[in-house]
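Beneath this line is the structure, given in structure tokens, with notes to follow.
There are 4 protein chains.
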Amino acid sequence: MIISMRLHATREEIDSVCERIQESGYKVHTIQGEERVVIGAVGVGDVTACLESLQAMPGVENAVRISAPYKFVSREFQPQRSRIRVNGIEIGGAELVVMAGPCSVESEAQIMETAEAVARLGGRILRGGAFKPRTSPYDFQGLELEGLKLLRKAKAATGLAIITEVMSDGDVELIAEYADILQIGARNMQNFALLKSLGRAQRPILLKRGISSTIKELLMSAEYIVAHGNPNVILCERGIRTFETETRNTCDLSAVPVLNALTHLPVVVDPSHAAGKRSLVPPLARAAVAIGADGLLVEVHPSPEKAFSDGAQSLTIPQFGAMMRDLAPYIELWKASREAA
Amino acid sequence: MIISMRLHATREEIDSVCERIQESGYKVHTIQGEERVVIGAVGVGDVTACLESLQAMPGVENAVRISAPYKFVSREFQPQRSRIRVNGIEIGGAELVVMAGPCSVESEAQIMETAEAVARLGGRILRGGAFKPRTSPYDFQGLELEGLKLLRKAKAATGLAIITEVMSDGDVELIAEYADILQIGARNMQNFALLKSLGRAQRPILLKRGISSTIKELLMSAEYIVAHGNPNVILCERGIRTFETETRNTCDLSAVPVLNALTHLPVVVDPSHAAGKRSLVPPLARAAVAIGADGLLVEVHPSPEKAFSDGAQSLTIPQFGAMMRDLAPYIELWKASREAA
Amino acid sequence: MIISMRLHATREEIDSVCERIQESGYKVHTIQGEERVVIGAVGVGDVTACLESLQAMPGVENAVRISAPYKFVSREFQPQRSRIRVNGIEIGGAELVVMAGPCSVESEAQIMETAEAVARLGGRILRGGAFKPRTSPYDFQGLELEGLKLLRKAKAATGLAIITEVMSDGDVELIAEYADILQIGARNMQNFALLKSLGRAQRPILLKRGISSTIKELLMSAEYIVAHGNPNVILCERGIRTFETETRNTCDLSAVPVLNALTHLPVVVDPSHAAGKRSLVPPLARAAVAIGADGLLVEVHPSPEKAFSDGAQSLTIPQFGAMMRDLAPYIELWKASREAA
Amino acid sequence: MIISMRLHATREEIDSVCERIQESGYKVHTIQGEERVVIGAVGVGDVTACLESLQAMPGVENAVRISAPYKFVSREFQPQRSRIRVNGIEIGGAELVVMAGPCSVESEAQIMETAEAVARLGGRILRGGAFKPRTSPYDFQGLELEGLKLLRKAKAATGLAIITEVMSDGDVELIAEYADILQIGARNMQNFALLKSLGRAQRPILLKRGISSTIKELLMSAEYIVAHGNPNVILCERGIRTFETETRNTCDLSAVPVLNALTHLPVVVDPSHAAGKRSLVPPLARAAVAIGADGLLVEVHPSPEKAFSDGAQSLTIPQFGAMMRDLAPYIELWKASREAA
């Protein structure tokens, strides 16, 4: 920690700060600047409580931590990139993994038709919501258990792995029986009760960044899962909330290289939720591959104009096929750069 | 709904849109503008799914709903302001209610000293966290059940009502045994599993606005609770996330009159979390009273520099006393304007 | 400056950083932490260039400045609050100053009727735009010189001081002939050519905060004006851009106490532009007075529904009168607290 | 325009609205909905003033315009993409144009070395600031005329076209003598006095998006330039201000396809300012090419650690060379897709 004292901080204020630092287990280094005193706290101690109490002390201008607040997810802790294996696929490895499917599982016909197309056109994982987080209590809330069973059926028919969302710590066990990857939605990124229960789950987790969460907060939420026992976390950039209204959210693609520098965990991009408009999905997907994402999460629906949710951002099956063909040379370049790395 | 067609939308595209609207149960009104066709959908139907699918149809520029997406919480549904009774106090009524206490319950001595001071200095409700949402898994997570028992003890000693946070639908019943009001934190405002379970709780709910939630989303989350059976919801503005870094969050005080126009539910302000700095709490509290909030939620701690959490924004007991004295004439003006209304 | 080195920074990297710091005129203090090296740069030197180049050097994690980047506007430089005198009024002194008038000067009848009402109802300064910044080139751009002449006429008739906007460094001299205060709009807060020319103007400046400018950036822009020769700067909070759409902007009222701690310059609030809706102006004005603003800037128009611009947020004359009566007891409390301070 | 009336709007309120619409030159279409009345205004009239006054009228819930507020820059007005010719290069055409150079022109040696390298490594246009917008009045403000002369020298030596920033309408003529393209910085995007003067300039304009400007506002500012006589406008995405602090700004790459759908003007991306960190520039540049930008604007400096400004985000010459090699296959794909389009 580095603590900057105010311009006219008194000797007593400085001494109290130094005492508080030492009580927390740190050593004190004082720098007498031209204008003000700056104090360094060195060592290992109870950093958050110490920091907050220092910020509350008289004479303190500012107190900041220098070390990262996360550990297990840090690239300093594990320099080589994590590869997460699921159903014979490796996320974070030599293959760019495409996860695709409808926003919600709506019927057997809908999910089987989509699954078959996703498998045929190059997707490796089928997405589809059975428990749906909806802003309105009056909107379709998902088929729940029936939806999970349909996803299992689609897996049996196509061999695709299954990813689906968990919304409550009470549902983790049930959903883990049916799904290969548990998806945590943006609105639950800081549902800490849920994060703790995921630490005990036997499935990889795909953790979506909250729409107003910083990259550091995303890593802290991943740290919760890892610290509670589950090292298999995939991060997902899906757009952040900004003032711009032409897109549903603003896709923060620079988060991909930023995360790659800070963490060893794989990072995928969801261009569908980021854009909120079908026409923007293929160009954003291209950019996500070019910038080095480990995979894509894309919404596909046999008839988006009849979808129960997210119709405006879902690709039709032919559009998904066209996007996969368009992506092919970019994926080749991606592979070449992975091999070179 | 109002649907604007693109400039060069074809006859077929327009016809398909009209059909889709009628399928959803609406009547169609077409306006042939100078440049483009605009279509009104009138009646009652499945608005969200229809809207999303219209946005996905060829030739559609834009589709927006006109009616509010919430009903029970709307002031159009119930013109007179709701008054929520708890422990002999009325929130939303003739009294401005001050809720105060520490961020976390830390020990018997700490909570008893604080409760006694809050009661003596004019607070009516004691706040204190037993289950704590913390960004880092390594930070203090609350005393949990032991904390709840200490809150009960403080209530017995002072007569103050108790408000404390619930983080998981699994904890609602337990916490409702100990608390008079269940607090939902900003990070859980869209934890829909939790919101649904609160609909079945026998306690009033204080629902904090998410740091990046719109006012409309806050009302939709309240609608979840009410639609699931619990009409006693208090809304809380506690600062939103913006680019500004001088304050922890930006206190959106204009949300108070905006909410008062849209909903009958009471609205309180939490200046402590909004500001993140102790010195800003009294001026923000003054402004919150002046703008017409129904109450305040304030962090107070006997020794903020030793607090396990939120020390920098907690008032000391003497500071809380000074703030209450400073507020007194503003509260008098508040009462006069309530009586006049 | 404090420079944190990366975890595995080499001896050479650390040495290069120390050299660069010394070249810029600073002394070096090295702290060897548990995990990484932190370097303090002490003294007086070319801080911005040094900081940017340090951030560019290998092995550097982060480099931050400790001292404030502004000087003349700082409360550390001048502890007592500035009082700015104009036309017999003091802004920042013992009186809360209300500036009111239409968005645009539209006609002689309109400005004379408004000026007379503003003077009668307790306003001290007449606002009115002659040169208008409009998002669209097709919207009314102001009466320009004719508008200035009408403002002069209104001043002659009522004794009110005049505030009007300057949009280009080429217009400063002309407008200074007609206006008592030169207003700089939010969009020009970082128009540095304009700021420099205002340093040479013989009039006080009202500088509006940019809609996405931090408080620090606002102070840096004020510093430009003061450093170029004009110490008479009034700051104005007028709402910032956030994700919320119920209001035109989000009024950051906590900026008032934050600014009061950082600078000696007066701070006024413009609730009209912040809210964008007439009904929100009186409650926001009340909150602005309660939080300690030195004045208000309010839009008033004899017939808002016929206004050339900003009709939705303009008060009618009777509404302005009602607001002034409503504010009276809050202004009394404001005066009492100023006298006590 | 579409005007939604409040739920309980009276007959008189509705009639007044209809009258106001007709006075502005529009025809009225009324839709009597289940819950409320919605009014369409059809035809050609004075849209902004009418809209604002409608929003101010009693009984009006909301009034929105349907047609785009810009005309000349719209793709509906000109379907084929604009190609802007400068110095034998075409921006918006068959070649992806790289503009590169230092943030500031600092010395003859610096600019000549950079220019030579940019030309050799595949850049087509040399960037370099002579008049610098700096947040602090104490930072380097540019070499001004001397800087312009050095740019001319660099052009003579290398054949590169020159782009440099204009900050005031008073400087347009002077700078147009030396530069091939006039750059307008993000902070001046809504400096309307400057925009009008650019309408009379004989040079193409590169207009940077303001850090908190919407895409619509960017187009409106371009419309100012075009409506005042200069059709040669290049748009530039350079990052927007969000809550994220890991990057200097958030690069809104989805703005590229959004703009391509709305306007015929070319769009380039500035990854250097968006990221603020050198290491993020090559991946962002790759993504910008993949998403379909017409060009790149990149900061390059012979010794970034000695730069007067923006050192942290400037590439060294070898890094620029590596980036250009890395981009080559992406540029090939870009060309193929342009030819196919």
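Residue numbers (the numbering used here), protein chains in the order written: chain A, 98 to 438; chain B, 98 to 438; chain C, 98 to 438; chain D, 98 to 438.
All residues carry an ideal CB built from backbone N, CA and C; glycine is no exception.
Comparing the C-beta of Ala253/D with each C-beta of chain C, is any distance below 9 Å? Here residue 253/D refers to the residue found at position 156 when the fourth sequence is read from its first residue. No, Ala253/D lies away from the interface with chain C (no Cβ there is under 9 Å from its Cβ).
Can you tell me which of the three DSSP states Asn159/D falls into? Counted from its first residue, the fourth sequence places residue 159/D at position 62. Note: Asn159/D maps to strand in three-state DSSP.
If the cut-off is 9 Å on Cβ atoms, which residues from the segment 332-345 of chain C count as contacting chain A, listed in chain order? Arg338, Thr339, Phe340 and Thr342
Mind pulling the chain C residues with CB within less than 7 Å of Phe405/D? The residue you call residue 405/D lines up with position 308 of the fourth sequence. Ordered by position in chain C, the residues that pass the 7 Å Cβ test against Phe405/D are Ala146.
Would you call Asn346/C buried or exposed, if buried means 16 or more other Cβ atoms sit within 10 Å of its Cβ? Within the third sequence, the letter at position 249 stands for residue 346/C. The residue is buried, with at least 16 neighbouring Cβ atoms inside 10 Å.
Taking all protein chains shown into account, decide if Thr107/D is buried (16 or more other Cβ within 10 angstroms of its Cβ) or exposed. As a first step, residue 107/D must be located in the fourth sequence, where it is residue number 10. The residue is exposed, with fewer than 16 neighbouring Cβ atoms inside 10 Å.
Straight-line CA distance for Val144/D to Arg162/D? The residue labelled residue 144/D in the question sits at position 47 within the fourth sequence. The residue labelled residue 162/D in the question sits at position 65 within the fourth sequence. Cα to Cα, Val144/D sits roughly 8 Å from Arg162/D.
Residue range of the beta strand (DSSP E) that Tyr123/A falls in? Within the first sequence, residue 123/A is the residue found at index 26, counting from 1. Taken as a continuous stretch (DSSP letters only), the beta strand (DSSP E) holding Tyr123/A covers Tyr123 to Gln129.
Backbone CA spacing between Ala438/B and Ile388/B [nearest angstrom]: In the second sequence, the residue the question calls residue 438/B occupies position 341. In the second sequence, the residue the question calls residue 388/B occupies position 291. So the alpha carbons of these two residues sit roughly 14 Å apart.
So what does DSSP say about Arg249/A, is it helix, strand or coil? Counted from its first residue, the first sequence places residue 249/A at position 152. It is helical.
In whole angstroms, what is the alpha-carbon distance linking Gly198/D and Pro379/A? Walking along the fourth sequence from the start, residue 198/D turns up at place 101. Walking along the first sequence from the start, residue 379/A turns up at place 282. Cα-Cα distance, rounded: 32 Å.
Skipping 5 residues on each side, what residues in its chain have a beta carbon closer than 7 Å to that of Leu148/B? Taking the second sequence and counting its residues from 1, the one referred to as residue 148/B is at position 51. So the list reads Met98, Ala160 and Arg162, once near-sequence residues are dropped.
Give the single residue among Ala227/C, Ala206/C and Pro368/C whose Cα lies nearest to the Cα of Tyr275/C. For the purposes of this step, residue 275/C is identified with residue 178 of the third sequence, where counting begins at 1. Per the Cα distances, Ala227/C.
Chain-ordered chain D contacts of Glu149/C [CB-CB under 8 Å]: What you label residue 149/C is simply residue 52 of the third sequence in a count that begins at 1. The contacting residues are Ala404, Ser406, Asp407, Gly408 and Ala409.
Nearest residue (CA-CA) to Val386/C, options Ile414/C, Leu424/C, Glu402/C and Gln416/C: If you number the third sequence from 1, residue 386/C lands on position 289. Comparing Cα-Cα distances from Val386/C to each of Ile414/C, Leu424/C, Glu402/C and Gln416/C, the minimum goes to Leu424/C.
Along the chain, which unbroken stretches of the beta strand (DSSP E) at least 3 residues long are found entirely within the segment 327-360 of chain A? Whole beta strand (DSSP E) segments, 3+ residues: 330-334.
Continuous beta strand (DSSP E) assignments of at least 3 residues falling wholly in the segment 370-433 of chain A: 392-396
DSSP on Ser294/B, reduced to helix/strand/coil? Walking along the second sequence from the start, residue 294/B turns up at place 197. Of the three classes helix, strand and coil, the one that applies to Ser294/B here is helix, per DSSP.
Suppose you measure from the CA of Ala251/A to the CA of Glu243/A; what does that come to, to the nearest Å? In the first sequence, counting from the first residue as 1, residue 251/A sits at position 154. In the first sequence, counting from the first residue as 1, residue 243/A sits at position 146. Taking the straight line joining both Cα atoms gives about 13 Å.
Rank Val215/D, Tyr123/D, Ser201/D and Ala419/D by C-alpha distance to the C-alpha of Lys94/D and give the top, closest one. This structure cannot speak to residue 94/D, because chain D is shown only from 98 to 438.
What is the C-beta distance between Arg231/A and Ala283/A, in whole angstroms, given that I count them as a contact (C-beta under 8 Å)? As a position in the first sequence, residue 231/A is number 134, starting the count at 1. As a position in the first sequence, residue 283/A is number 186, starting the count at 1. Between Ala283/A and Arg231/A the Cβ distance is about 13 Å, and since that is not below 8 Å, they are no contact.
CB contact check: Gln129/D to chain B, cutoff 9 Å: On the fourth sequence, position 32 is the one that residue 129/D refers to. Using a CB distance cut-off of 9 Å, Gln129/D counts as an interface residue toward chain B.
For Ser309/B, go through chain C and note every residue whose CB falls closer than 8 Å to its CB, in chain order. Within the second sequence, residue 309/B is the residue found at index 212, counting from 1. For Ser309/B, the neighbours in chain C by C-beta distance under 8 Å run, in chain order, Phe340.
State buried or exposed for Glu467/A, treating a residue as buried only when at least 16 other CB atoms are found within 10 Å of its CB. The structure shown does not extend to residue 467/A, since chain A is modelled only from 98 to 438, so the question has no answer here.
Roughly how many angstroms lie between the CA atoms of Glu210/D and Val134/C, to the nearest whole one? The count along the fourth sequence starts at 1 and reaches residue 210/D at position 113. The count along the third sequence starts at 1 and reaches residue 134/C at position 37. Approximately 35 Å, taken between the alpha carbons.
Could you check how far apart the C-beta atoms of Leu303/B and Cys333/B are, in whole angstroms? I think they sit under 8 Å. Here residue 303/B corresponds to residue number 206 of the second sequence, with the count starting at 1. Here residue 333/B corresponds to residue number 236 of the second sequence, with the count starting at 1. Yes, they are in contact, since the Cβ atoms of Leu303/B and Cys333/B sit about 6 Å apart, within 8 Å.
At least 3 beta-carbon pairs within less than 8 Å: the segment 316-324 of chain C vs the segment 312-332 of chain B: Contact between the segment 316-324 of chain C and the segment 312-332 of chain B is absent: fewer than three C-beta pairs spanning the two stretches fall below 8 Å.
Beta-carbon within less than 6 Å of Val269/C's beta-carbon, same chain only, minus the 5 sequence neighbours each way: which residues are those? Along the third sequence, read from residue 1 onward, the residue named residue 269/C stands at position 172. Here the set comprises Val263, Ser294 and Ala298.
Can you give me, in chain order, the residues of the segment 150-182 of chain C that have a beta carbon less than 7 Å from any beta carbon in chain A? Ile163, Ser164 and Glu173
Return the Cβ separation of Val355/D and Thr413/A in integer angstroms, given the expectation that the two are a contact with Cβ distance under 8 Å. Walking along the fourth sequence from the start, residue 355/D turns up at place 258. Walking along the first sequence from the start, residue 413/A turns up at place 316. About 21 Å separates the Cβ atoms of Val355/D and Thr413/A, ruling out a contact at the 8 Å cut-off.
Below 8 Å between beta carbons is the criterion; list the residues of the segment 374-402 of chain D that meet it against any residue of chain A, in chain order. Ser376, Leu377, Pro380, Leu381, Arg383, Ala384, Ala385, Val386, Ala387, Ile388 and Gly389
In whole angstroms, give me the CA-to-CA distance for Arg180/D and Phe169/D. Translated into the one-based positions of the fourth sequence, residue 180/D becomes position 83. Translated into the one-based positions of the fourth sequence, residue 169/D becomes position 72. The straight-line gap from Cα to Cα measures roughly 15 Å.
Quick check: is the beta carbon of Lys293/A nearer than 9 Å to any beta carbon in chain B? For the purposes of this step, residue 293/A is taken as the residue at position 196 of the first sequence. Closer than 9 Å: yes.
I want to verify the contact list: residues of chain B whose CB lies under 7 Å from the CB of Ser101/D, in sequence order. Position 4 of the fourth sequence holds residue 101/D. For Ser101/D, the residues of chain B that pass the 7 Å Cβ criterion are Ile163, in the order they occur in the chain.
Find the residues of chain D that neighbour Tyr235/A, judging by a C-beta separation of less than 9 Å, and give them in chain order. If you number the first sequence from 1, residue 235/A lands on position 138. Within 9 Å Cβ-Cβ: nothing; Tyr235/A doesn't reach chain D, min ~16 Å.
Contact set between the segment 259-286 of chain D and chain C, restricted to residues whose Cβ is under 7 Å from the partner: Within the segment 259-286 of chain D, the residues whose Cβ lies closer than 7 Å to some Cβ of chain C are Met264, Ser265, Asp266, Gly267, Arg284 and Asn285, listed in chain order.
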